[in-house]
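Have a look at the structure below, then the notes.
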Ligand code: MN
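In our numbering, the protein residues as written are 1 to 468.
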């Protein structure tokens with residue numbers, strides 16, 4: 001007989017309403033959702049009175065094992081997914097780093113399958129990364145989608161930034177094939193100039209990092225992508241790590257004009273931290289060195305407003321480096337510091353506490369942003385992202401009465417700091433269930449490496465019309 005669990009009497013966040021009820025799990029799936037389900041023989045009963053049941057969190061932007069050439073992100077697919085699970089995330093979609101120059105599109109997918117297999121504790125998928133554009137790459141986008149990779153990332157900056165024409169070809173192919181194109185939008189030319197200029201002038205302290213990557217450089221690149229996607233027939237476009245008000249205004253404007261298949265992601269750091277952290281004494285600012293950088297309090301405010309509708313998902317861009325041995329590489333020159341910060345475990349607790357408990361977003365919207373929308377956009381719905389009969393039994397039980405202080409010591413990522421050290425949160429994931437297996441049970445972890453599965457994802461269903 002398959003293992004069975006009955007979760008009794010919690011507030012179940014369903015798709016259209018929240019109901020006080022029970023959830024029965026048989027094997028890896030949800031078998032029933034309802035009121036007063038009678039216990040069956042051999043079932044484990046979890047008492048969820050006073051607690052909230054949400055579908056397991058989905059983090060669509062992580063960088064486990066990211067290899068920068070000179071250093072590597074400190075979490076691998078074991079430590080990173082353990083941290084994720086502790087924080088209520090049961091699925092990730094990782095963004096692979098670049099492969100060797102000239103490598104075919106499937107090179108990094110194959111490499112990442114090898115990195116994740118035998119290690120991941122929760123389920124996972126990968127986005128593809130487009131380093132060059134040619135006929136072979138465009139064809140492979142379609143065939144790799146058949147192998148469960150229907151989303152790709154392009155960069156408008158860094159080593160493998162694509163030309164305008166190449167981005168356009170990718171967008172056309174995405175429109176044709178029902179693929180989602182994620183973009184890292186920053187104006188490469190201006191950022192490159194500013195960085196070099198600051199270094200020449202000896203302005204190498206962490207506080208010059210945000211000044212070298214102005215919000216306008218992000219907004220301009222977002223707008224460019226929006227227009228190109230529109231020109232490509234409203235190609236499916238996903239703006240990653242949106243950090244500022246002007247970028248959000250561009251997205252809003254495109255939506256007002258009727259542009260379809262347009263989506264935006266932000267991250268907890270852009271909602272909760274601002275650029276004053278770069279002014280901290282010593283090298284502390286390096287802990288927050290990421291791209292795009294943290295912005296102004298006004299930007300944070302507008303992003304919170306955006307969560308009500310114009311922003312679709314909250315992911316982490318989890319990309320941890322040890323402060324003592326990796327981030328401090330930038331102590332005499334911020335341009336030498338690996339860019340990125342941890343956050344995979346803190347996402348759900350922070351957004352629940354700062355968003356739901358402080359009444360800035362509804363419980364339903366919180367679930368949309370952290371689970372349901374990522375499941376839909378990345379082609380895993382309704383297998384993931386919903387508490388529904390037949391769906392994977394990925395369930396997180398949040399106890400809203402628990403108070404916790406986030407500290408690096410109590411968190412689980414393989415890194416020596418948290419960007420949220422000392423933050424007090426109200427409400428915490430107390431039980432974390434992945435495909436019917438309890439991974440976190442009131443403070444005890446029992447997930448084994450390799451139990452996480454690759455989740456083949458589906459293409460997007462697109463509308464036939466476009467606004468272009
Ligand atoms: Mn990233």
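All residues carry an ideal CB built from backbone N, CA and C; glycine is no exception. None of these values were measured; they are calculated from a predicted model.
Minimum Cα-Cα distance from residue 43 among the listed residues 7, 64, 12, 74 corresponds to 7. From the listed residues 239, 216, 30, the smallest Cα separation to residue 225 is found for 239. Every residue whose beta carbon comes nearer than 7 angstroms to a heavy atom of the ligand MN appears here in chain order: 61, 63, 95, 184, 240, 241, 317, 319. DSSP places residue 61 inside the beta strand (DSSP E), whose first and last residues are 57-62. Measuring C-alpha to C-alpha distances from residue 441 to each of 228, 429, 276 identifies 429 as the nearest. A Cβ-Cβ distance of about 19 angstroms is found for the pair residue 398 and residue 92, leaving them out of contact under the 8 angstroms criterion. Two segments are said to touch when three or more pairs of C-beta atoms, one from each, lie closer than 8 angstroms; by this definition the stretch 319-334 does not touch the stretch 390-409. Distance from the Cα of residue 123 is smallest, within the candidate group 384, 18, 289, 22, for 384. Residue 264 and residue 368 have their alpha carbons spaced roughly 13 angstroms apart. The straight-line gap separating the alpha-carbon atoms of residue 320 and residue 290 is approximately 10 angstroms. Ranked by how close their Cα comes to the Cα of residue 22, the residues 337, 444, 388 have 388 in first place.
In the DSSP assignment, the residues bridged to residue 72 are 67.
Under DSSP, residue 151 shares a beta bridge with 180. For residue 324, the secondary structure class from DSSP, reduced to helix, strand or coil, is coil. Looking only at 143, 56, 46, 161, the smallest Cα-Cα distance to residue 101 is reached by 161.
The secondary-structure analysis by DSSP pairs residue 431 across a beta bridge with 397, 441. The bridge partners DSSP lists for residue 405 are 424.
In the structure shown, residue 329 adopts helical secondary structure according to DSSP, grouped into three states. Per DSSP, the unbroken beta strand (DSSP E) holding residue 4 starts and ends at 4-13.
Residue pairing by DSSP places residue 126 opposite 94 in a beta bridge.
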